[in-house]
Amino acid sequence: MDQDATVSAGDIARLVDVGRAAVSNWRRRHEDFPQPVGGTASSPLFSLNEVEDWLRRNGKRVDVSPVERAWQWLRGAGDDLGLGDRVAGAGADLLSEDGGTLAPLAAERGALEAFEFLCARYLEAHSRQLDATPADVAALLVRLTRPDGGTLYDPACGLGTMLVDTPAARVLGQEIDDTTATIASHRLRLRSQPGEISVGDALRQDGFAGELADAVVCDPPFTERSWGYEELAGDARWEYGLPPRGESELAWVQHCLSHAKPGGLVAILMPSAAASRRPGRRIRANLLRAGALRAIVTLPAGPDLWLLRRPDAGDRTPSHVLLTEVDDLSTVDRRWAAFQTDHAGGHSVPIVDLLDEDVDLSPAVQSLRRSGGEDTHLAFVEALTALTKTVLPTPELDKASQQAPPMTTIGELAKAGLLTMKHAGAKLTTGNGELPVLTADDLAAGVEPSERTAPDPDLVEVEPGDVVASPMGTARVVGYQAILGPYLAVYRVDPTRLDPYFLAGVLRAAASRAHQGSSRVDARRTQVPRLPLAEQQAYGRAFRQLGTLEDALRETAALGESVIRLGFGGLMDGHLRPGD
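Residue numbers for the sequence shown follow full-length UniProt numbering, so the first one is 1 and each next one is one higher.
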């Protein structure tokens, strides 16, 4: 099994219990250090056998366990895109009667322990793509919903983090990625945990329609704009209001509630902005009035936790909601227990006080309101701490050769039928009407259409999957229907031949390289690398990572503005003073 096993520099450091810098020094100082056999220039892979031989020759103690060797063999048996399938295949082998190729490993470590090791390594290797819920946060959500002896449901279960090792008698999970769902299913089967994992998008293709669970937990994808607003507009799950296009998280909240039994609890992780964004204020108000929303807790250096309860017939509508911030996860249990005993406790807020024009449920804002400004210093410190703990996503880009690929142009792609291009005029009238209009400012900010207009035969429509570009250099793939705003251009591609995210990135790059003094750029002459679809998609993923970083920087800037605002305001109103 181990003839093709490979290891990264990080793996070598772990095997010998040294830092990565030590491995870099060995490579630089020792000419006989093994040469890379794969990977990339920035992330090379080495033969495990060659590395073991070199370490022993140089007096380094190394003992590669069978399970570690199995992992390195799995990773070296193909490219990274197929690694998940290989891990899923290992799970199938371990579940078989004879253990397949991993029988010796199962005999030594046990099938469950061996597979959990492989899953942990897989998660570590693909942490950016898999984005699993931290184990302690997952345990908190399960603990708070109390699924003991009942059914636990997770509609965005990933690798099954919140479904394994629970006190639930039965678990249900749904995952959009087939490979990830297979791994989650194997983890349940190896534990003999009764349950089922369904494959598909839970919002569009509910795998458990009509099924009610005793408890529901969820860590949904954040800021997902193509969540199905148009096709799900009349869905019966929207009991508390149709979620706005840009509020996919409120769709997940209502989906979870629709699957909870009367009296059942829901724990869902939410971005902090979901508690205050204006488009979602009507749904927040309806959740409060119905007694469905019971608590919002800002977790340490992370998202908010929303705790909800499916209203039961005869329930008495609560008068208070728990809105609090915590520095330690263990505090959540205590404050939730205290709130259930005394709804008028120190961290609760009367619901009637929240039903104003904004319905702002941000725990930080409510903390300031309760204290009458006395906690300005605490809010300033917490905002500053959150700013310093901000972790920005890192695009995965490797060094490439200097040789440029062959080029084509937008015009040539249009002639070949790979795309169509339309422009909106400058005379579009906005302000009245029912049709949403996407403006250049909306596109730059990455928000849903903010203007409205009346029907007109000359309007240019935008469909989900279109690329929209502005003269200022912004280009995005949109996930909604709208009318194209003034000065914008829309590109509709044939996705079987041209990746839209690749095209958006090319347009963005071309605009940034345009001469600053140019008054007009002919879009049809824009140079586009001539690449196979698979390579376009790889570039498209990289462009999306850069876009995600850009959006994260914008949110970080907003957090920084909060720090500045609290600082200036606190100094002027006497709640803060200059430090010593």
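Note that CB positions come from ideal geometry on N, CA and C, so glycine has one too. This structure is a prediction, so every number in the text was calculated from the model and none was measured.
How many angstroms separate the CA atom of residue 67 from the CA atom of residue 101?
Those two C-alpha atoms are separated by around 12 Å.
Flag this pair as touching only if the region 136-151 and the region 50-67 have three or more C-beta atom pairs under 8 Å; answer yes or no.
The region 136-151 is not in contact with the region 50-67.
Is residue 515 buried or exposed, if buried means 16 or more other CB atoms sit within 10 Å of its CB?
Unreliable positioning characterises residue 515 in this predicted model, as indicated by a pLDDT of 42, which lies under 50. The coordinate reading is nonetheless provided below. With fewer than 16 Cβ atoms within 10 Å of its Cβ, residue 515 is classed as exposed.
Assess, as a yes-or-no matter, whether the region 388-402 is touched by the region 535-555 under the definition of 3 or more beta carbon pairs within less than 8 Å.
Because the criterion of three Cβ pairs below 8 Å is met, the region 535-555 and the region 388-402 touch.
With a threshold of 7 Å on Cβ separation, who are the neighbours of residue 229 within its own chain once the five nearest residues in sequence on each side are excluded?
245, 480.
Assuming contact is defined by CB atoms lying nearer than 7 Å, are residue 270 and residue 300 in contact in what I supplied?
It is not a contact, given that the beta carbons lie outside the stated cut-off.
Give the DSSP bridge partners of residue 527, in chain order.
According to DSSP, which records beta bridges pairwise, residue 527 is partnered with 409.
Can you name the start and end residues of the beta strand (DSSP E) that residue 301 belongs to?
Unbroken run through residue 301: none, as it is neither H nor E.
According to DSSP, what are the bridge partners of residue 451?
Residue 451 pairs with 437.
Name the DSSP bridge partner or partners of residue 582?
Beyond the ends of the chain as shown, which are 1 and 580, falls residue 582; an answer cannot be given.
Roughly how many angstroms separate the alpha carbons of residue 533 and residue 541, rounded to a whole number?
Answer to the nearest angstrom: the Cα atoms are 12 Å apart.
Can you grab the Cα-Cα spacing for the pair residue 98 / residue 161, in whole Å?
Rounded to the nearest angstrom, the two C-alpha atoms are 27 Å apart.
Around the Cβ of residue 320, are there at least 16 other Cβ atoms within 10 angstroms (buried) or fewer (exposed)?
So residue 320 counts as buried.
Could you give the DSSP three-state label for residue 162: helix, strand or coil?
Looking at residue 162 - three-state DSSP - the assignment turns out to be coil, as it is neither helix nor strand.
Is residue 259 helix, strand or coil when you go by DSSP?
In this structure, residue 259 counts as coil in the three-state DSSP scheme.
Excluding the 5 residues flanking residue 409 on each side, which residues of the same chain have their C-beta closer than 7 Å to its C-beta?
These residues qualify, in order along the chain: 524, 525, 526, 527, 528.
For residue 27, which residues from the same chain have a beta carbon less than 7 Å from its beta carbon, with the 5 sequence-adjacent residues on both sides left out?
Only 33 meet the Cβ criterion.
To which residues does DSSP link residue 482 through a beta bridge?
462, per the DSSP bridge assignment.
Report all residues from its chain with a CB closer than 8 Å to the CB of residue 186; omit the five preceding and five following residues, and keep chain order.
Contacts found: 88, 91, 92, 94, 95, 115.
Measure the CB-CB distance between residue 507 and residue 469 and report whether it falls below 7 Å.
Against a cut-off of 7 Å, the Cβ pair of residue 469 and residue 507 comes out as a contact.
Per DSSP, which residues does residue 173 bridge with? Please list them.
The partner list for residue 173 (beta bridge, DSSP) reads 154, 197.
Under the criterion of a Cβ to heavy atom distance below 6 Å, does residue 562 qualify as lining the ligand SAM?
As for the ligand SAM, it is missing from this structure, which has no ligand bound.
What are the boundary residues of the beta strand (DSSP E) that residue 46 is part of?
Its beta strand (DSSP E) spans residues 44-47.
On the DSSP bridge assignment, give the partners of residue 8 in chain order.
Partner(s): 45.
Would you tell me roughly how many angstroms separate the C-alpha atoms of residue 163 and residue 190, rounded to the nearest one?
Going by the C-alpha atoms only, they are around 13 Å apart.
Return the first residue and the last residue of the alpha helix (DSSP H) that residue 186 is part of.
Residue 186 -> alpha helix (DSSP H) spans 178-190.
Where do the N-terminal and C-terminal ends of the beta strand (DSSP E) with residue 584 fall, by residue?
Any question about residue 584 goes unanswered here, given that the chain covers just 1 to 580.
Within a Cβ cutoff of 7 Å, which residues of the same chain sit near residue 23, ignoring the five residues on either side of it in sequence?
Counting only Cβ-Cβ distances below 7 Å, and skipping sequence neighbours, we find 9, 12, 13.
Checking 7 Å against the spacing of the C-beta atoms, do residue 467 and residue 477 come in under that value?
Yes, Cβ-Cβ distance for residue 467 and residue 477 is below 7 Å.
Can you say whether residue 380 is buried or exposed, counting buried as having 16 or more other CB atoms within 10 angstroms of its CB?
The residue is buried, with at least 16 neighbouring Cβ atoms inside 10 Å.
So for residue 337, helix, strand or coil by DSSP?
Residue state, collapsed to three classes: helix.
Could you spell out where the beta strand (DSSP E) holding residue 106 opens and where it closes?
Careful: residue 106 lies outside any beta strand (DSSP E), inside the alpha helix (DSSP H) at 103-109.
Near residue 6, which residues of its chain fall below 7 Å by C-beta distance, leaving aside the five closest residues on each side in sequence?
Answer for residue 6: 37, 38, 45, 46, 47, 48, 72, 75, 76, listed in chain order.
Below 8 Å on the Cβ atoms is my contact criterion, and I expect residue 419 with residue 356 to pass it. Report the Cβ-Cβ distance as a whole number of Å.
Between residue 356 and residue 419 the Cβ distance is about 47 Å, and since that is not below 8 Å, they are no contact.
Classify residue 620 as helix, strand or coil using the three-state DSSP reduction.
Outside the modelled stretch of the chain, which goes from 1 to 580, sits residue 620, for which no answer is possible.
Specify, as a first and last residue, the run of the alpha helix (DSSP H) that residue 92 falls within.
Its alpha helix (DSSP H) spans residues 83-95.
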